[in-house]
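Notes to accompany the following structure.
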Amino acid sequence: MVSKAFNFQRTPASESSSSPSPPRCPLSSLLSMAAPTPDAVEHRRGPRVGLAYDERMCRHATPDGEDHPENPERIRAIWRELVSVGVTQRCTVLSAKEAEDKYVAAVHTRKHVELIRNVSSKQFDSRRKRIAKRFNSIYLNEASSESAFLAAGAVLELTEKVANGELDSGVAIVRPPGHHAEPDEAMGFCLFNNVAIAANFLLNERTDLGIKKILIVDWDVHHGNGTQKIFWNDPRVLFFSVHRHDFGCFYPAGDDGSHSMTGEGLGAGYNINVPWDHGFCGDADYLAVWDHILIPVASSFKPDIILISGGFDAAIDDPLGGCRITPHGYTVMMKKLMISVQGKIMMALEGGYNLNSLSKSVLACVQVLLEEDPITNSVKEQPYKSTWHVILKVRRELSEFWPVLAADLPERMLIGKGKPPTIERSFENGLALLGELHSLGGRLLRPREPGASPLVSSVGGGTISGASAWLGVGKGHR
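Residue numbering for the sequence shown follows my numbering, starting at 186 and increasing by one per position.
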């Protein structure tokens with residue numbers, strides 16, 4: 186892999202997951218509000234939507250109680266939001282089961298699986314922190330092993346139930362997230378690649394279910410480098426990632442998230458990256474990509490199921506993402522995908538660090554899957570001009586693999602807004618910032634102490650904020 190680095194951005198004045206935690210509800214209270222039975226409740230009218238949630242995944246936390254954006258309150262906030270409006274009563278609620286080692290090892294190396302399986306045991310107490318520091322932006326504690334296997338198991342089980350027709354769709358509210366995890370290492374808050382494990386399970390373990398083609402849609406604001414690497418040569422998986430790239434300076438950085446990375450061998454053309462040049466992209470930008478890249482290709486590919494790496498750090502007010510998707514934007518994105526596979530969708534939580542926008546966006550997606558309210562496709566704003574530039578580049582790159590992208594878009598369609606409300610970082614400034622971050626020696630950057638003033642970089646107006654500084658500088662893979 187290319188070197189990994191994070192493009193540090195401003196932190197909006199908003200509620201983030203590293204803010205003081207709201208009161209915690211005991212697991213028994215949450216589940217009793219959600220369902221009349223401890224394991225599952227069947228919603229017998231309308232689409233059968235599954236929800237996977239397990240409080241045990243909240244035990245994975247920073248070892249000494251330090252503030253961190255990827256913390257247990259993320260999934261608690263989502264669950265409280267779903268319970269508060271009665272959505273959980275209309276879904277099938279599942280507790281998590283740990284994934285079997287053999288299914289995880291089909292995606293990750295045996296050495297990595299064994300490390301994560303054992304790292305929370307007492308024999309690792311004295312060296313657990315040192316092990317975490319070997320990785321890019323990872324923490325570990327005495328509950329990390331269980332949480333990682335529960336997250337992978339919840340995504341796998343829910344995916345299997347959607348694939349076999351027991352459920353029409355599902356949402357796995359899990360942590361730690363997964364899309365940065367590569368076959369041989371954890372990185373970017375991710376220990377195992379949960380979605381990749383589930384996809385591999387369907388294709389290679391449950392061939393009787395007839396799932397021969399899978400579309401993975403990664404709308405997390407960061408590139409899904411781990412998923413891309415795992416399916417790089419596999420034509421059975423069409424991997425699509427729309428993410429901030431900022432000329433290679435936004436985490437995980439380098440060339441992996443470039444539009445020119447389209448797969449190799451039999452997998453050539455089955456890897457699609459849509460890399461934003463800057464932040465501030467919102468509903469209009471994402472829906473333009475859906476209409477002119479993703480949906481046409483998905484219609485040609487005809488997947489048997491769609492797995493969504495559902496990161497919500499591109500949502501409005503997220504402290505790490507700097508983009509502006511609204512809950513309505515996510516509903517339209519989800520609805521368009523549902524139509525392409527007659528609703529057979531499983532979404533697994535990835536990023537998202539503003540508790541308010543995270544919980545409301547996930548709720549919006551679940552409500553779409555339940556098909557309770559009609560969805561209007563209209564948005565008021567236009568995409569940025571730079572968005573059309575990116576769309577045209579991606580279409581040209583992929584047109585040899587997907588003829589549906591070969592046609593020219595009408596000139597009248599390519600009208601867009603100008604620059605975002607801050608100065609766009611130039612290519613030269615982007616390279617300068619990347620060099621500055623690498624000069625820090627690959628350390629994991631973080632605030633000096635909770636509440637400390639942000640560290641400021643003079644290059645391109647970048648700010649190393651108390652939230653975003655948890656993603657570190659890359660280690661220099663391939």
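The beta-carbon is built from N, C-alpha and C at its ideal position, and this holds for glycine as well. Please read these numbers as outputs of a predicted model, since none were measured by experiment.
Asked: Under the three-state DSSP convention, the category Gly373 falls into; Found: coil
Asked: Closest Cα partner of Arg261 within the set Tyr538, Ser485, Pro559; Found: Tyr538
Asked: Outcome for Thr447 when other beta-carbon atoms lying within 10 angstroms are tallied against a minimum of 16; Found: buried
Asked: His364 vs Gly409 beta-carbon contact at 8 Å; Found: yes
Asked: For Thr273, three-class secondary structure by DSSP; Found: helix
Asked: Three-state secondary structure (DSSP) of Val422; Found: strand
Asked: Any chain C beta carbon closer than 8 Å to Val575; Found: As a matter of chain content, chain C is missing from the structure shown, which is built from one protein chain.
Asked: Proximity below 8 Å, CB of Glu258 to CB of Leu540; Found: yes
Asked: The segment 392-404 contacting the segment 297-304, beta-carbon criterion three pairs below 8 Å; Found: no
Asked: Beta-carbon proximity check, Met531 vs Val553, cutoff 8 Å; Found: no
Asked: N-terminal and C-terminal residue of the beta strand (DSSP E) that Pro460 is part of; Found: 456-461
Asked: Per-residue DSSP class, three states only, for Gly355; Found: strand
Asked: For Gly452 and Trp417, believed in contact at Cβ under 8 Å, the rounded distance; Found: 6 Å
Asked: C-alpha gap between Asp498 and Lys521, whole angstroms; Found: 20 Å
Asked: Neighbourhood of Lys570 by C-beta, 7 Å cutoff - its chain only, sequence neighbours within 5 removed; Found: Gly601, Lys602, Gly603
Asked: Those runs of the alpha helix (DSSP H) which lie wholly inside the segment 251-332 and span at least 4 residues; Found: 258-269, 286-289, 295-303, 313-318
Asked: Residues bridged to Arg509 [DSSP beta-bridge criterion]; Found: Gly467
Asked: At least three beta-carbon pairs within less than 8 Å, the segment 557-573 to the segment 433-442; Found: no
Asked: Reduced DSSP secondary structure (H/G/I, E/B, other) of Asp393; Found: helix
Asked: Buried or exposed by the 16-neighbour rule on C-beta atoms within 10 Å, applied to Gly495; Found: buried
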